[in-house]
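Residue numbers (this note's numbering): 18 to 177.
Ideal placement from N, C-alpha and C gives every residue a C-beta, glycine not left out.
Right, here's the structure in full:
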């Protein structure tokens, strides 16, 4: 049985998206044949079969993001059962998630609470002040990251 793993495509690539599978479990494949399309932030790659045989299982659905080294499937002979990939994938996923979390020293000082800052353009701030509008309430209601004139328009009774 041969695992199909995500290769290290580039020095900076830590994960890929399995965009599309060309083969399904049960299909016969030849070494070097395209199995799936992989997408990174910068390029699209073809994942090739590492050996001849039958695609026994697929462990990554289309559109899923997986770390490099992840076993996305196995090739073997019909009737073979894969018992190793689950443990390998669990370890790969744990390492990937651990690397994604920023390291915080145990004795680090907690960040000071600076309150919630409302991001708004200068013109929007002036209009809100003139009309007596609460920018915090408007931001909460609209979910806008930055309040500008177009966000304020419904509150001013205007359309822009």
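- Annotated as distal: residue 137 and residue 166, with beta-carbon spacing of 7 Å or more.
- By the CB criterion at 7 Å, residue 56 and residue 36 fall inside the cutoff.
- In the structure shown, the three-state DSSP call for residue 171 is helix.
- By alpha-carbon distance to residue 159, the top candidate from 135, 53, 49 and 78 is 135.
- With fewer than 16 other CB atoms across the displayed protein chains lying within 10 angstroms of its CB, residue 100 is exposed.
- Pairing residue 73 with residue 59, the inter-Cα distance amounts to about 30 Å.
- About 6 Å separates the CB atoms of residue 23 and residue 33; that is less than 8 Å, so the two are in contact.
- Bounds of any alpha helix (DSSP H) do not take in residue 161, whose DSSP letter is neither H nor E.
- Put simply, the backbone Cα of residue 98 is about 22 Å away from that of residue 79.
- Taken in chain order, the complete alpha helix (DSSP H) segments of 4 or more residues contained in the stretch 57–93 number zero; there are none.
- Within the same chain, Cβ atoms closer than 7 Å to the Cβ of residue 20 are found at 88, 91 and 102, the five residues on either side in sequence being excluded.
- Your pair residue 70 and residue 93 checks out as a contact, with CB atoms roughly 5 Å apart and the cut at 8 Å.
- Listed in chain order, the non-local C-beta contacts of residue 44 below 6 Å within the same chain comprise 72, local neighbours out to five positions each way being set aside.
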